[in-house]
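Notes follow the structure.
Residue numbers (my numbering): 10 to 209.
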């Protein structure tokens with residue numbers, strides 16, 4: 010089933026997921042903080058199933074994927090009515106990158122729980138954040154199986170919807186439970202971060 014996915018943040022992960030989605034026949038709305046003009050070359054590459062828009066445009070899609078820097082997450086709070094919206098959280102809570110890769114101290118909270126609290130009513134599903142973008146860009150069908158993408162979330166129907174989307178682009182979803190449990194395993198510095206697994 011073709012769906013429209015709004016992608017907020019068109020860096021490595023956002024672009025890579027967009028390529029998979031378009032190849033599978035889905036529509037994507039790409040956005041970033043700099044505005045749609047900065048995305049025209051990418052949209053031209055992706056073809057007719059992709060268009061650039063504002064962050065607000067992307068937030069109106071059936072499913073919204075967040076792949077923007079952690080520091081920009083709070084800016085999303087008031088841009089849309091998030092109530093009931095399926096939101097894929099592909100972010101990691103880095104506050105600095107190479108060489109130290111520091112993460113924000115969130116206490117006992119999982120990073121996706123923090124995201125969910127900032128987007129009232131959103132059905133947040135953690136996915137697409139554990140695998141290195143260059144690996145994510147490769148063919149998901151490999152070695153007699155499919156590359157694994159972990160999912161976690163508090164809403165079973167939202168997880169099922171995201172899992173179906175993941176399957177539609179050739180990956181195998183593995184459900185890790187709710188955000189408090191599963192997303193802690195997935196998030197940066199967690200035990201599943203950077204793992205490249207194949208489901209046979």
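Ideal Cβ positions, reconstructed from N, Cα and C, are used throughout, including at glycine.
Item	Value
Reduced DSSP secondary structure (H/G/I, E/B, other) of residue 97	strand
Three-state class that DSSP yields for residue 168 in the structure shown	helix
Continuous beta strand (DSSP E) assignments of at least 3 residues falling wholly in the segment 133-197	154-162, 181-184
Residue 110 versus residue 199 - alpha carbon distance	13 angstroms
Length at least 3, wholly inside the segment 37-111: the beta strand (DSSP E) runs in chain order	59-61, 72-75, 95-98
Three-pair Cβ contact test at 8 angstroms for the segment 49-65 versus the segment 118-127	no
Residue(s) in a DSSP beta bridge with residue 18	The partner list for residue 18 (beta bridge, DSSP) is empty, contrary to what the question assumes.
Burial state of residue 156, where buried means 16 or more other Cβ atoms lie within 10 Å	buried
Under 8 angstroms between C-beta atoms of residue 13 and residue 145	no
Own chain partners of residue 22 with C-beta closer than 8 angstroms, once the 5 adjacent residues on each side are dropped	76, 99, 137, 138, 142, 145
N- and C-terminal bounds of the alpha helix (DSSP H) containing residue 115	Residue 115 -> no alpha helix (DSSP H), and no H or E assigned at all.
Distance between residue 78 and residue 30 (C-alpha atoms, nearest Å)	21 angstroms
Reference residue 64, options 86, 50, 195, 53, closest by Cα	86
Own chain, CB closer than 8 angstroms to residue 160, minus 5 neighbours either side, in chain order	134, 135, 136, 168, 171, 172, 175, 182, 183, 184, 185, 191
Residue 140 vs residue 158 beta-carbon contact at 8 angstroms	yes
DSSP three-state assignment for residue 13, whether helix, strand or coil	strand
Inter-residue Cα distance where the pair is residue 18 and residue 41	5 angstroms
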